[in-house]
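Heads up, the thing below is written out as structure tokens.
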Amino acid sequence: MDELTATFIDESRTLLAAMEGGLLQLEQADAGDDNVGGIFRAAHTIKGGAGVIECRFIEAFTHIVENVLDRVRAGDIPVSPGLVSVMLACCDHIGALLGVLVAGQPAPPQEVAAEGDALRAQLGQWGDDDGQAADCADGSTVPLSEAVTASGGGVVSSDAWHISVRFGTDVLRMGMDPLSFLRYLTTLGEIVTIETLADAMPDAAEMDAESCYLGFEIRFQTRAGKAEIERVFDFCRDDCALHILPPQSKCSDYLQLIQELPEDAMRLGEILVRIGALTQAELDAGLAAQAQPTSVEFDGDESGARAPLGEILVGQQAVRQEVVDAAVLKQATVKDRKIAESRMVRIQADKLDQLIDLVGELVISGASTHLFAQRSGLSELMESTSVLSRLVESIRDAALQLRMVQIGETFNRFNRVVRDASRELGKDIRLAITGGDTELDKSVVEKLGDPLMHLVRNAVDHGIEPAAVRAERGKPHQGTVRLNAYHDSGSIVIEVGDDGGGLAIERIRAKAIARGLIAEDAVMSGAEISNLIFEAGFSTAEQVTNLSGRGVGMDVVRRDIQALRGTIEVRSTEGVGAAFCIRLPLTLAIIDGFLVGVGSATYVVPLDSVVECIELQETTTGRNYLNLRGEVLPFVRLREMFEIGGDVPARQNVVVVQHAGQKAGLVVDRLLGEFQTVIKPLGALFQHLRGIGGSTILGSGEVALILDVPALLALVTSAEEKLVSPAPSRGRPSGTPDSQHLILQPSE
Amino acid sequence: MSKTIFLVDDSATILMSVSAILGKAGYSVEKAGSAEEALKKLNAGAKVDLLITDLNMPGMNGIELIKEVRKLPAYRFQPILFLTTESQQSRKAEAKAAGASGWIVKPATADDLLNTIKLVLR
Amino acid sequence: MTHTQAPSAGAAGAAALAVTDDMTVYSARARKEELLSALAASTELELDLSAVTAIDVAGVQLLILLKREAAAQGKTLRFSNHSPAVVETIDFCNLAGPFGDPMLIAAHSAG
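Chains as they are written, first to last, in the numbering used here: chain A, 36 to 783; chain B, 40 to 161; chain C, 352 to 462.
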């Protein structure tokens, strides 16, 4: 596929999404002219692009859609649910046609074509023939005059066209040079003679050098038709006086021309004779006849009464009317301006990835240089490398910013999902989107589609109650599904909520026990029980629908989110609603890390999650928590966790980390400082390692493991929970049994 | 010395196709995806022999761009063409009132485009 | 812009002036004032057009205006050393006759 086609497809898909969004908005509320304008413009641009790449089947279909939309925009067709449905189907069809183009097929396959025909038939009810009529009306206002027949006597001897033009005084200020037009004439034919008239030019004192006062009388030989000649003057026609007489025009036509022109009749006559339009005899006869009150007659021909062939002078009134129209339209366009759409430069994703890779290498070698500089102790070198580090940091940020996209586009896709699904289920559900302008890495967004789809469908299907139940509970008839996104300390949080029935805690508990996920006598909070739905094989749907009853449950969603180094949890209040909260890192590629050492190994803690560093007071032997200013802080010893040998140094440090409101300490030997690093995914061999999120290469060439803070926190808290309720759980036992009651109060 | 034509259109497809045609015909081409970007470039001193702009653009539209460009001393008398598809006389009149020289009706053939450019280039 | 050359020997009040820049609408207003005052300051003016690389309709009508003013004031105005651009344009507008100045560098009419 050539680049132009690729651009067209990419652009059209974006426009289709915008169109779909606009249509859904149209249905929900009267969004005003801006919205209809935007929908129309999208269709219009797709059609234009299809014309450019000469994809006729897209162009033809979109043209019909555009015509109907144009009439909607003009107010000729009212917005109705029926219209929106058909238009949405048309969007789908255009998408299908784009697919045909992508597949390189010359024409749509039969089923797609049949779909198109059906839609055309449906669009027919809003009549698409007006557009074509309008096109014709605009085409040429003056009929071609190739059928000028030589009618014997009364015809002047010349066989050239005669063009008489007086340019408007403002023509130069309109960015036109009249000479350019006249020179262009020579590409259509040959200028036999030309006469420049400056009669309209005032005295030197009044003459404005930026105004144009010139006129031209031109004899022009060409095979071109009148319309073609006229077209040369199209751009200045509104304010110039133009007369075009075809070859072999009658004398009377010239005489009428003389009368209509501003210059003196005698002088014009001379000019016409000089340039060969008329002979002296013809002129004399004509002027003599004019002097008489009777109608002009030559050689017995009655042509005087005939309308002038070349008359295309635009009446002053018409011009004024247009100025009025323009003023009205100006107000309309001010409104258009409000529709702010994101402007973007299109670049291929792999080019961007390459750049990010290079920036990653730059970050690593920059960090390495910085380490060497520090070791060297040369202050000037250190100073210069720290400047360099700052620049690298800026470049990294800017490069990553390139990959950032707003999540709104992803969110908006669900408008359609909710609309279609709720209709299918006979529920009235609205989708409320907030935080659509929140940005996150494109690679994350791409992988977020499936889990979000699952959650939204789940909310529509199982979350929102049937209308009868809602009425019983005193809830509004219309259910609401919410999509929200916001940034929170180095993470992005995405919420999928609904005002439906919430999770049935007791049912979940019963099921979890039945499945052997928890012990029968396990003491668990409602929140903990709710989050059991993320366990493998868990499904609460009582009836299987074709929407989300796919048998796969929330475990798949959680796995998808975890693959993005994210976490998911659910908050639910029975009868009021549920909210799924997804927390994701902003980017997968590069992190600011905090380097720590344990034994001979080096680890990287994502800096976003580091709260503070303190020295470990070894007074709490055997207990895996400490008192942090009166707060209980569970901790994990990395030395034990990763089974690192070697002597424990006299002084150990605790790195306090935080994620999603939970805090824990990581006990390490040494604190090595901040370090910018590129995440390299772990090989399959290491993927079972808990608490490790990836690896990176240090400036020294050594490999350092990147700690997965959320996973570590989960380990720490589950270890502590086990002390509270020794239900079946993963993780190795830690802590002492006698400390189980202490988890809720300060230890010392 | 080749003439420089400045294209302003929010459609990447149009920008790419038109600049390909112009480049092949020996013109230098400057591009902008929005009126705001175009103004920025012109204010920065881009030398342009002809400006071609779309009218329907999000943000600042073509009409407003034309008005702004006409205020720049270096562009007071430069030719400005606008791209239009709608056969709307009023739109044309409005653009002309804003100071446009002429128009190109989309979809235009390469010949239409080049001929119109030849017609108005100073 | 423009600058006056050494007055031609002989004729009193005679001056020679060279237009050293383009004759387009961009400079038309300034050019008009310069040329009109040069004309006012002399009885016989020779305008050297050799350095005019671009001329548009504004330049053409300025030349027409000067000729007209000169005639009205009973003065002599000659255009000389027409640059190729000026020759081409004057020729195109068929003004060589009305202007009446010999155009020496008319390349296309050399044969």
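Beta carbons are placed, not taken as given, at the ideal position from N, Cα and C, and that holds for glycine.
All figures in this text were calculated on a predicted structure; none of them were measured in a lab.
Give me the Cα-Cα distance between T124 (chain B) and L136 (chain A), rounded to the nearest whole angstrom.
CA-to-CA, the gap between T124 (chain B) and L136 (chain A) works out to about 24 Å.
Any contact of the stretch 238-245 of chain A with the stretch 272-282 of chain A, i.e. 3+ C-beta pairs under 8 Å?
In this structure the stretch 238-245 of chain A does not touch the stretch 272-282 of chain A; the number of beta carbon pairs closer than 8 Å is below three.
Cβ of V605 (chain A) within 8 Å of Cβ of V703 (chain A)?
Their beta carbons are not under 8 Å apart, which means V605 (chain A) does not touch V703 (chain A) by this criterion.
For S419 (chain A), which of helix, strand or coil comes out of DSSP?
S419 (chain A): helix per DSSP, three-state reduction.
Can you give me the Cβ contacts of G463 (chain C) inside the same chain, cut-off strictly under 8 Å, excluding the 5 residues immediately before and after it?
Beyond the ends of chain C as shown, which are 352 and 462, falls residue 463 (chain C); an answer cannot be given.
Where do the N-terminal and C-terminal ends of the alpha helix (DSSP H) with E444 (chain A) fall, by residue?
Unbroken alpha helix (DSSP H) run through E444 (chain A): 443-460.
With a CB to CB cut of under 6 Å and the five nearest residues on each side skipped, what residues in its chain are close to V100 (chain A)?
Only A78, C125 meet the Cβ criterion.
Would V267 (chain A) and Y219 (chain A) qualify as a contact pair, given that the criterion is a beta-carbon distance under 8 Å?
In contact: V267 (chain A) and Y219 (chain A) (Cβ atoms closer than 8 Å).
Mind checking P213 (chain A): buried by the 16 CB within 10 Å criterion, or exposed?
In this structure P213 (chain A) is buried. Its beta-carbon is surrounded by 16 or more other beta-carbon atoms within 10 angstroms.
Rounded to a whole number of angstroms, what is the C-alpha to C-alpha distance between L78 (chain B) and G84 (chain B)?
Their Cα atoms are separated by approximately 10 Å.
Let me know if Q60 (chain A) comes out buried or exposed under the rule of 16 or more other beta-carbons within 10 Å of its beta-carbon.
When all chains shown are included, Q60 (chain A) counts as buried.
Name the chain C residues whose beta carbon is nearer than 9 Å to that of M789 (chain A)?
Beyond the ends of chain A as shown, which are 36 and 783, falls residue 789 (chain A); an answer cannot be given.
Contained beta strand (DSSP E) runs [length at least 3] in the stretch 74-159 of chain B, N- to C-terminal order:
As far as the stretch 74-159 of chain B is concerned, its whole beta strand (DSSP E) runs of at least 3 residues are 89-93, 119-123, 141-144.
Kindly identify the DSSP beta-bridge partner or partners of R618 (chain A).
According to DSSP, which records beta bridges pairwise, R618 (chain A) is partnered with A:V528, A:T602.
Starting from V408 (chain C) and walking both ways along the alpha helix (DSSP H), at which residues does that stretch end?
V408 (chain C) -> alpha helix (DSSP H) spans 408-423.
Closer than 7 Å, Cβ to any Cβ of chain C: which residues of the stretch 96-121 of chain B, in chain order?
Residues are counted here when their Cβ sits less than 7 Å from a Cβ of chain C; for the stretch 96-121 of chain B these are F116, given in chain order.
Note the first and the last residue of the continuous beta strand (DSSP E) segment covering K510 (chain A).
Per DSSP, K510 (chain A) is not a residue of any beta strand (DSSP E), being assigned neither H nor E.
One question on the structure: do I442 (chain A) and T404 (chain A) come within less than 8 Å of each other, judged by their Cβ atoms?
Going by C-beta atoms, I442 (chain A) is not nearer than 8 Å to T404 (chain A).
Reduced DSSP category for D152 (chain A) - H, G, I as helix; E, B as strand; rest coil
If DSSP states are grouped into helix, strand and coil, D152 (chain A) belongs with the helices.
With 7 Å as the C-beta to C-beta threshold (strictly closer), list the residues of the stretch 363-396 of chain C near chain B in chain order.
Of all residues in the stretch 363-396 of chain C, the ones placed with a Cβ closer than 7 Å to any Cβ belonging to chain B are V376, Y377, in chain order.
Helix, strand or coil at C648 (chain A) [DSSP, three-state]:
Looking at C648 (chain A) - three-state DSSP - the assignment turns out to be strand.
Excluding the 5 residues flanking I468 (chain A) on each side, which residues of the same chain have their C-beta closer than 6 Å to its C-beta?
The residues are F446, L518.
Candidates A:R618, A:L673, A:L651, A:G665: closest to Y638 (chain A) by CA position
When only C-alpha atoms are compared, the closest one is A:L673.
At what residues does the alpha helix (DSSP H) containing K70 (chain B) begin and finish?
K70 (chain B) -> not in any alpha helix (DSSP H); beta strand (DSSP E) instead, spanning 67-71.
Would you report the Cα separation of D595 (chain A) and T602 (chain A), rounded to the nearest angstrom?
Looking at the two C-alpha atoms, the distance is approximately 10 Å.
One question on the structure: do Q256 (chain A) and A195 (chain A) come within less than 8 Å of each other, judged by their Cβ atoms?
It is a contact, given that the beta carbons lie within the stated cut-off.
I want to verify the contact list: residues of chain C whose CB lies under 7 Å from the CB of E265 (chain A), in sequence order.
In chain order: nothing, as chain C lies at least about 20 Å away.
Verify whether the separation of the beta carbon atoms of I91 (chain B) and L122 (chain B) is less than 8 Å.
Result yes, Cβ atoms of I91 (chain B) and L122 (chain B) sit closer than 8 Å.
Go to I93 (chain A), then tell me how far its alpha helix (DSSP H) extends in each direction, as first and last residue.
Counting along the chain, the alpha helix (DSSP H) containing I93 (chain A) begins and ends at 91-108.
Beta-carbon of F216 (chain A) versus every beta-carbon of chain B: anything under 8 Å?
Judged by the 8 Å Cβ criterion, F216 (chain A) is in contact with chain B.
A762 (chain A), DSSP secondary structure in three states
Since pLDDT at A762 (chain A) reaches only 40, below the 50 mark, its modelled position is unreliable, and no value is offered.
Enumerated in chain order, which unbroken segments of the alpha helix (DSSP H) with a length of 4 residues or greater are wholly contained in the stretch 426-460 of chain C?
Entirely contained in the stretch 426-460 of chain C, the alpha helix (DSSP H) runs reaching 4 residues are, in chain order, 435-443, 447-450.
If you draw a straight line from the C-alpha of S644 (chain A) to the C-alpha of H522 (chain A), how long is it?
C-alpha of S644 (chain A) to C-alpha of H522 (chain A): approximately 14 Å in a straight line.
Can you find a C-beta in chain C that's less than 8 Å from the C-beta of R161 (chain B)?
With 8 Å as the cut-off, R161 (chain B) counts as an interface residue toward chain C.
Consult DSSP for N688 (chain A) and reduce its assignment to one of helix, strand or coil.
Of the three classes helix, strand and coil, the one that applies to N688 (chain A) here is strand, per DSSP.
Would you kindly work out how many angstroms separate the C-alpha atoms of A699 (chain A) and P511 (chain A), rounded to a whole number?
For A699 (chain A) and P511 (chain A), the distance between alpha carbons rounds to 43 Å.
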